[in-house]
Amino acid sequence: MPRQVATLVITEGAEHRRYRDMVGSVFGISIVKKLTPNINEAALGLIDAFIDRGEADLHAEFCQQLPLIVMCDLLGWPRHNVDLLQRSASALGRLTAGGFETPATRIKLHQDQVEFHQYALTQLDRVRKEPDGSVLSHIVHTTPADGVPINDAEFCAMASILNIGGNETTVSGLGSMLYMLASDPDQQEALRRSPELIPKFVEEALRVETPVPFVFRWLYEDATVDGVDIPAGSTVMVSLASSNRDQDVVGDPTQMDLSRKGIRNHFSFGLGVHYCLGAMLARLELQIALERLLDRTRDIRIAPGASLRRENMITVRMLKSLPVVFTAAPNG
-8 MPRQVATLVI TEGAEHRRYR DMVGSVFGIS IVKKLTPNIN EAALGLIDAF
42 IDRGEADLHA EFCQQLPLIV MCDLLGWPRH NVDLLQRSAS ALGRLTAGGF
92 ETPATRIKLH QDQVEFHQYA LTQLDRVRKE PDGSVLSHIV HTTPADGVPI
142 NDAEFCAMAS ILNIGGNETT VSGLGSMLYM LASDPDQQEA LRRSPELIPK
192 FVEEALRVET PVPFVFRWLY EDATVDGVDI PAGSTVMVSL ASSNRDQDVV
242 GDPTQMDLSR KGIRNHFSFG LGVHYCLGAM LARLELQIAL ERLLDRTRDI
292 RIAPGASLRR ENMITVRMLK SLPVVFTAAP NG
């Protein structure tokens, strides 16, 4: 196995530009056009599996599954790899979150990562010989500005960071958004009457329940922030969630307001050179998921007696489950 290397998340300057250049051109309007039919088809298929029951755990049966299917399509990997992608993303998230894990658990998490990287290397060999138009194929066949082709270690690291970036964060945002939807029947009907409001609901959900509340930054040089000197080498935890609820910037910040001016001007996708490359794709997934659920159901509500809890994670705000009851739409 190749050694682990830093890529997009914890590099700066020319090194960061090298990795961002590899994928930057992929995550634009072209990926939206390419994956829109896939996302619609996947969302409808997942809904088909529970629509006749009138109840579902939307976290396990929908929120977790949809981003995994989309990620398989994005990477160019067969969809039967959803379990591999889920285990790898969970492992990487837990290993980097700083939480307590037993030695045995840490070994298992590393094994999940190794399995992911081993499979990634088989796909690297495949797309080197047969380009398939996937994002990983694009990375392999695009020479960065520095003229140095990607190596095996960088390929594995890029596959990992794309997986966790497009997986757990989207699961988190989708779950929180649907929780807010199921908690507000009046809002559901308003969105069904005026579907043009759906993109605005997505933006407010991302702001109010920031999927990634905190991000870590490592200082390469001394800095001063709001009069506080921070020496080079320091680790800083930046609260995106606090920025999204700053009452000096956002009026009535805890409330959903679809008429809010500058509704997309939140920090849920970060800011600056580390702004999330997959922001456009994430917005598309959430919007299509919401559209299809509203089309196929009526009166979604939190299941009576349900106890909703979140995962014990610092960096991702994710539900453990989302049990709901609903009525299938006519001809739904």
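In my numbering, the protein residues as written are -8 to 323.
Built from N, CA and C at the ideal position, the CB exists for glycine as well.
Predicted model only: the values in this text are computed from it and were never measured.
Alpha-carbon spacing of residue i relative to residue j, whole angstroms
i, j, result
"V139", "M149", "15 Å"
"E200", "M168", "8 Å"
"M271", "F53", "20 Å"
"D116", "D123", "12 Å"
"L231", "F205", "6 Å"
"L143", "R9", "Just to set this straight, residue 143 is Asp in the shown sequence, not Leu. Between D143 and R9, the C-alpha separation is close to 15 Å."
"D290", "I279", "18 Å"
"I60", "V0", "23 Å"
"I155", "I189", "26 Å"
"M247", "R198", "9 Å"
"Q102", "W68", "20 Å"
"H71", "H108", "16 Å"
"T161", "V219", "34 Å"
"M171", "R97", "34 Å"
"P321", "R183", "14 Å"
"D74", "E32", "19 Å"
"F18", "K24", "11 Å"
"H132", "V229", "35 Å"
"T87", "I22", "29 Å"
"V203", "Q178", "24 Å"
"P28", "N256", "28 Å"
"Q114", "R78", "18 Å"
"P94", "L299", "29 Å"
"K99", "I221", "36 Å"
"R85", "P186", "37 Å"
"F41", "P244", "35 Å"
"D12", "G157", "18 Å"
Residue i - partner residues in DSSP beta bridges
i, result
"R301", "L310"
"A319", "T288"
"I293", "V315"
"T215", "D220"
"V229", "V206"
Delimiting residues of the beta strand (DSSP E) encompassing residue i
i, result
"I42", "No beta strand (DSSP E) contains I42, which DSSP labels as neither H nor E."
"R208", "205 to 209"
"D48", "46 to 48"
Whole-Å CB distance - residue i paired with residue j, under 8 Å assumed
i, j, result
"L210", "S233", "At roughly 19 Å, the Cβ-Cβ gap does not stay under 8 Å, so L210 and S233 are not in contact."
"G164", "A80", "Contact flag wrong, Cβ pair sits at about 14 Å."
"V307", "E159", "5 Å"
"D213", "A223", "5 Å"
"A294", "E46", "6 Å"
"L268", "V14", "6 Å"
Distance CB(residue i)-CB(residue j) smaller than 8 Å
i, j, result
"I254", "E195", "yes"
"G166", "L281", "no"
"V118", "L112", "no"
"A319", "D43", "yes"
"V315", "A181", "no"
"F207", "N235", "no"
"L275", "I20", "no"
"L83", "C63", "no"
"R301", "A34", "no"
"L57", "L37", "yes"
"R292", "P135", "no"
"L65", "S16", "no"
"H50", "L310", "yes"
"F192", "L249", "yes"
"V241", "E145", "no"
"H7", "V227", "no"
"T(-2)", "I152", "yes"
"F317", "T288", "yes"
The alpha helix (DSSP H) enclosing residue i, as first and last residue numbers
i, result
"I152", "143 to 157"
"R117", "94 to 120"
"A181", "176 to 184"
"C54", "Taken as a continuous stretch (DSSP letters only), C54 belongs to no alpha helix (DSSP H), as it is neither H nor E."
"R198", "189 to 199"
"H132", "126 to 132"
"E3", "Premise fails: E3 is in no alpha helix (DSSP H) and is neither H nor E."
"G84", "73 to 87"
The ligand FMN heavy atom lying under 7 Å from the CB of residue i
i, result
"D290", "No copy of the ligand FMN occurs in the structure displayed, which carries no ligand at all."
Cutoff 8 Å: residue i Cβ touching any chain D Cβ
i, result
"V315", "Within the model displayed, chain D is absent; a lone protein chain is all it includes."
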